[in-house]
Amino acid sequence: MKFLTLQNIRRLYSVFFIFLFLFLAGITDFRNMKGYEVSLFLELDPLIAISSFLSGWTLYKGLALSLIIISTTLVFGRYFCSWVCPMGIINQWISHVLNRHRPVDDYRLNAYRPVYRFKYYLLTLFLVLAAFGALQVGLFDPIAFITRSFSISFLPGVYYSGTQLYLKQPLFYGGVLISLIFVAVLFANRFIPRFWCRVLCPLGALLGLLSGVSVLRIRRDVEKCTDCQKCLRYCHGGCAPHEELRVSECHLCMNCIEDCPEEAIHYGLARENSSIHSPVDVHRRRLIETAVAGIVLFPMMKSVVNADSAPAHSVIRPPGSIGEKDFLKRCIKCGECMRVCPTNVIQPGLLESGFEGLWSPVLMNKIGYCEYNCVLCSQVCPTGAILPLSIEKKTGRPPFQKPVRIGTAFYDRGRCLPWAMHTECIVCEEVCPTSPKAIWFKTEEVTLRTGSTKKLKLPYMDPKLCVGCGICENKCPVHDRPAVRVTSIGETRSQTNQMILSS
Numbered sequence: 015m016k017f018l019t020l021q022n023i024r025r026l027y028s029v030f031f032i033f034l035f036l037f038l039a040g041i042t043d044f045r046n047m048k049g050y051e052v053s054l055f056l057e058l059d060p061l062i063a064i065s066s067f068l069s070g071w072t073l074y075k076g077l078a079l080s081l082i083i084i085s086t087t088l089v090f091g092r093y094f095c096s097w098v099c100p101m102g103i104i105n106q107w108i109s110h111v112l113n114r115h116r117p118v119d120d121y122r123l124n125a126y127r128p129v130y131r132f133k134y135y136l137l138t139l140f141l142v143l144a145a146f147g148a149l150q151v152g153l154f155d156p157i158a159f160i161t162r163s164f165s166i167s168f169l170p171g172v173y174y175s176g177t178q179l180y181l182k183q184p185l186f187y188g189g190v191l192i193s194l195i196f197v198a199v200l201f202a203n204r205f206i207p208r209f210w211c212r213v214l215c216p217l218g219a220l221l222g223l224l225s226g227v228s229v230l231r232i233r234r235d236v237e238k239c240t241d242c243q244k245c246l247r248y249c250h251g252g253c254a255p256h257e258e259l260r261v262s263e264c265h266l267c268m269n270c271i272e273d274c275p276e277e278a279i280h281y282g283l284a285r286e287n288s289s290i291h292s293p294v295d296v297h298r299r300r301l302i303e304t305a306v307a308g309i310v311l312f313p314m315m316k317s318v319v320n321a322d323s324a325p326a327h328s329v330i331r332p333p334g335s336i337g338e339k340d341f342l343k344r345c346i347k348c349g350e351c352m353r354v355c356p357t358n359v360i361q362p363g364l365l366e367s368g369f370e371g372l373w374s375p376v377l378m379n380k381i382g383y384c385e386y387n388c389v390l391c392s393q394v395c396p397t398g399a400i401l402p403l404s405i406e407k408k409t410g411r412p413p414f415q416k417p418v419r420i421g422t423a424f425y426d427r428g429r430c431l432p433w434a435m436h437t438e439c440i441v442c443e444e445v446c447p448t449s450p451k452a453i454w455f456k457t458e459e460v461t462l463r464t465g466s467t468k469k470l471k472l473p474y475m476d477p478k479l480c481v482g483c484g485i486c487e488n489k490c491p492v493h494d495r496p497a498v499r500v501t502s503i504g505e506t507r508s509q510t511n512q513m514i515l516s517s
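The opening position of the sequence shown corresponds to residue 15 in the numbering used here, with each subsequent residue numbered one higher.
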């Protein structure tokens, strides 16, 4: 029995890439990230690159790596799904575990089903939305999906469960929902093996279309074939290798080559007796209906909360973020910035900025604050929604004249201890990181209820010095609703979201 078969080589590659993904996910951490290309899998993703280009008409530099996957797919076929993709590899392993002892015919489980067309309609929907400026592909793109699931739900629980007890447990709003969705997708493999890859994956649909013109592919010798259908038993894609092979569904798992007792199947160029291949199984009418649905859905998504409307002022984006409209055109909700944030202030948003902002990063100062000398979130964004920052640029040190502002803090004097209750408190001024401090005190003599007087330090905010880091809000002893709160007004990235200040 040969060890270096194509099947075993594929298995070695899949193990290597799943461990590479877990390694990069594990070091996407403020203590461990030391120049590693932690966004490698996201940058290799052709669907993210194409949709980002359609949405903003720019291709961010890192996404050029996706050309490697596109070009090799045109030559070798849809190898990415079974050889490289962490989502595909995990789904294959889970499928094997869930169906190993089921009293169900493997041939029936892996037979081609019409429901496999659905991923092509999803791909059409997301590309149409992207062309109109709504980048929602991150909701279903497999690399963004698994990165978000690991960053927000899986790794915070596993990574800190036993080895890092001295650190604060990360908390993410919406983490339970994201976990449940991830578990549901994995459990669906009980009913259809590789459910995500066969039914839902828009990246798989894109690669399937590209593989339709690939030079090398699985081929069957019709004269040698006895129609035993053993090639179908462990087929990853359900691509009907015993019939007219559906190239767009073939994951190149190479199982059929090893399982064929007649050696009728090979991978390579066409031979004299090679069988013909089936085209992509989609209905043109359904594609048109899906495209129309995307056109209709676009204004509905925009009408929920416009990026310039009043509620959006409570949405604080990470430092280095581009303007809100362009930000939503580039952000794929991958969760990399949330994972790397040392204070856990970056959270997956819900509907604060409309449906198109679902799971996009927002700062919640009740959980954390933006560390003054930290720019990690700007170093991991794969699409340029958050542009790279240096500490000098963020803090306004030479040669830069002004710091990057993400908002402005305001006092609620009705809740502030010195203002409302004549109680001494200097917490906000002590933690303010700017120099000179944006929070300053004015000593005044106040009259107490008893009629006596006392000198008290009353806090004031200098909006010209405040950068909106939110540490004052986070550390305020009035915990339920802090007496000092930050909004996005005054942020550097917007020319309209500003206060009118007298000179």
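Here a beta-carbon is modelled for each residue, glycine too, at the ideal position from N, C-alpha and C.
Under the three-state reduction of DSSP, which class applies to Lys133: helix, strand or coil?
-> Counting from 1 along the sequence shown, the entry for residue 133 is found at position 119. Three-state result, Lys133: helix.
Alpha helix (DSSP H) runs contained entirely in the stretch 284 to 367, provided each spans 4 or more residues | Taking only runs of at least 4 residues, the alpha helix (DSSP H) segments lying wholly in the stretch 284 to 367 are 298 to 318, 338 to 344, 350 to 354.
State buried or exposed for His250, treating a residue as buried only when at least 16 other CB atoms are found within 10 Å of its CB.
-> If you number the sequence shown from 1, residue 250 lands on position 236. Using a 10 angstroms sphere on the CB of His250, the tally of other CB atoms reaches 16 or more, which defines it as buried.
Rounded to whole angstroms, how far is the Cβ of Gly147 from the Cβ of Cys264, which I believe are closer than 8 Å?
-> In the sequence shown, residue 147 corresponds to position 133, counting from 1. In the sequence shown, residue 264 corresponds to position 250, counting from 1. Not really, about 34 Å apart at Cβ, beyond 8 Å.
Please classify Trp71: does DSSP put it in a helix, a strand, or coil?
-> The residue you call residue 71 lines up with position 57 of the sequence shown. Coil at Trp71, not helix or strand.
In terms of DSSP beta bridges, what is Phe33 paired with?
-> Residue mapping note: residue 33 aligns to position 19 of the sequence shown, counting from 1. Phe33 pairs with nothing; no bridge assigned.
Same chain only: Cβ atoms within 7 Å of Tyr262, ignoring 5 sequence neighbours per side | Position 248 of the sequence shown, counted from the start, is the residue given in the question as residue 262. What sits at residue 262 in the sequence shown is Ser, not Tyr. Result list for Ser262: Gly222, Leu223, Ser225, Gly226, Val294, in chain order.
For Thr422, is the classification buried or exposed, using 16 other Cβ atoms within 10 angstroms of its Cβ as the cut-off for buried?
-> Taking the sequence shown and counting its residues from 1, the one referred to as residue 422 is at position 408. By the neighbour-count rule (16 or more Cβ atoms within 10 Å), Thr422 is buried.
Say whether the stretch 236 to 248 touches the stretch 269 to 281, bearing in mind that this needs 3 or more beta-carbon pairs closer than 8 Å, one atom from each stretch.
-> The stretch 236 to 248 is in contact with the stretch 269 to 281.
What does DSSP give as the partner residues of Thr461 in its beta bridges?
-> Position 447 of the sequence shown, counting from 1, holds the residue named residue 461. According to DSSP, Thr461 bridges with Thr467.
For Arg162 and Tyr425, the rounded distance between their alpha carbons | For the purposes of this step, residue 425 is taken as the residue at position 411 of the sequence shown. For the purposes of this step, residue 162 is taken as the residue at position 148 of the sequence shown. C-alpha separation (whole angstroms): 35 Å.
If you draw a straight line from the alpha carbon of Pro413 to that of Ser392, how long is it in whole angstroms?
-> As a working mapping, residue 413 is identified with position 399 in the sequence shown. As a working mapping, residue 392 is identified with position 378 in the sequence shown. Taking the straight line from one Cα to the other gives about 20 Å.
In the structure shown, what three-state DSSP assignment does Pro375 receive?
-> Your numbering for residue 375 matches position 361 in the sequence shown. It is a strand residue.
Exposure of Arg495, with buried meaning 16 or more beta-carbon neighbours within 10 Å | Residue numbering aside, residue 495 sits at position 481 when the sequence shown is read from its first letter. Result: exposed.
In terms of residues, what are the limits of the alpha helix (DSSP H) holding Gly218?
-> Numbered from 1 along the sequence shown, position 204 holds the residue referred to as residue 218. Element bounds for Gly218: 216 to 225.
Return yes when the Cβ of Pro356 is within less than 9 Å of the Cβ of Cys395, no when it is not.
-> Here residue 395 is taken as the residue at index 381 of the sequence shown, counted from 1. Here residue 356 is taken as the residue at index 342 of the sequence shown, counted from 1. Between Cys395 and Pro356, the C-beta gap is not smaller than 9 Å, which leaves the two residues out of contact.
Among residues of its own chain, excluding the 5 on either side of Gly184, which ones have a beta-carbon nearer than 6 Å to its beta-carbon?
-> Walking along the sequence shown from the start, residue 184 turns up at place 170. According to the sequence shown, residue 184 is Pro rather than Gly. Excluding sequence neighbours, Pro184 sits near Pro170, Asn358.
Sequence-distant residues of the same chain with beta carbon closer than 8 Å to Met513, five excluded per side | Residue numbering aside, residue 513 sits at position 499 when the sequence shown is read from its first letter. For Met513, where only same-chain residues beyond five positions count, the Cβ hits under 8 Å are Thr422, Pro477, Ile503, Gly504.
Thinking just about the alpha-carbon of each residue, which of Cys345, Gly410, Val498, Val310 is nearest to the one in Leu143?
-> If you number the sequence shown from 1, residue 143 lands on position 129. For the residues Cys345, Gly410, Val498, Val310, the minimum Cα distance to Leu143 belongs to Val310.
What are the boundary residues of the alpha helix (DSSP H) that Ile519 is part of?
-> Residue numbering for the chain in the displayed model covers 15 to 517; residue 519 lies beyond these limits and cannot be assessed.
In terms of residue numbering, what span does the beta strand (DSSP E) encompassing Thr422 cover?
-> Start at 1 with the first residue of the sequence shown, and residue 422 comes out as number 408. Per DSSP, Thr422 belongs to the beta strand (DSSP E) from 422 to 425.
Quick one: Cα of Glu458 to Cα of Thr467, how far?
-> Translated into positions along the sequence shown, residue 458 becomes position 444. Translated into positions along the sequence shown, residue 467 becomes position 453. Those two C-alpha atoms are separated by around 10 Å.
Going along the chain, which residues of its own chain have a beta-carbon closer than 6 Å to the beta-carbon of Tyr248, five neighbours each way excluded?
-> Reading the sequence shown from its first residue, position 234 is the one you call residue 248. If the five residues before and after Tyr248 are omitted, its C-beta is found closer than 6 Å to the C-beta atoms of Asn269, all from its own chain and listed in chain order.
By DSSP, does Thr519 sit in helix, in strand, or in coil?
-> In this structure the chain extends from 15 to 517, so residue 519 is not present and cannot be described.
What is the DSSP secondary structure of Ile103, counted as helix, strand or coil?
-> Taking the first residue of the sequence shown as position 1, residue 103 is located at position 89. Correct three-state label for Ile103: helix.
According to DSSP, what are the bridge partners of Lys456?
-> As a first step, residue 456 must be located in the sequence shown, where it is residue number 442. Answer by DSSP bridge pairing, in chain order: Leu472.
Among Pro402, Leu342, Ile108, which one has its Cα closest to the Cα of Ser69?
-> Sequence index remark: in the sequence shown, residue 69 carries index 55 (1-based). Nearest of Pro402, Leu342, Ile108 to Ser69, Cα basis: Leu342.
Do you know offhand how far Phe205's Cα is from Leu123's?
-> Counting from 1 along the sequence shown, the entry for residue 205 is found at position 191. Counting from 1 along the sequence shown, the entry for residue 123 is found at position 109. When rounded, the distance between both Cα atoms is 8 Å.
Cβ pair Tyr383, Cys483 closer than 9 Å | Locating residue 383 in the sequence shown gives position 369, where the first residue counts as 1. Locating residue 483 in the sequence shown gives position 469, where the first residue counts as 1. Cβ distance < 9 Å, so Tyr383 and Cys483 count as in contact.
Pull up the distance between the alpha-carbon of Gly252 and that of Asn488, whole angstroms please.
-> By one-based count along the sequence shown, residue 252 stands at place 238. By one-based count along the sequence shown, residue 488 stands at place 474. Near 52 Å, if we compare the C-alpha coordinates of Asn488 and Gly252.
Run the CB neighbour count on Leu36, radius 10 Å, all protein chains shown included, and call it buried at 16 or more, exposed below.
-> As a position in the sequence shown, residue 36 is number 22, starting the count at 1. By the neighbour-count rule (16 or more Cβ atoms within 10 Å), Leu36 is not buried but exposed.
Paired residues, beta bridge with His493 - DSSP = Sequence index remark: in the sequence shown, residue 493 carries index 479 (1-based). His493 pairs with nothing; no bridge assigned.
Whether Gly152 touches Cys348 by CB criterion (9 Å) = On the sequence shown, residue 152 is found 138 positions in, with the first residue counted as 1. On the sequence shown, residue 348 is found 334 positions in, with the first residue counted as 1. Cβ atoms of Gly152 and Cys348: closer than 9 Å.
Check the DSSP bridge columns for Gly282 and list the partner residues they point to.
-> Along the sequence shown, one-based indexing puts residue 282 at 268. Beta-bridge pairing links Gly282 to Arg231.
Residue from Arg114, Val498, Pro216, Val236 with nearest C-alpha to Tyr135 = By 1-based counting over the sequence shown, the position of residue 135 is 121. Out of Arg114, Val498, Pro216, Val236, Pro216 has the C-alpha closest to the C-alpha of Tyr135.
What is the rounded straight-line gap between the Cα of Glu257 and the Cα of Leu141?
-> Stepping through the sequence shown from its first residue, residue 257 is reached at position 243. Stepping through the sequence shown from its first residue, residue 141 is reached at position 127. Each residue's Cα considered, the two are about 32 Å apart.
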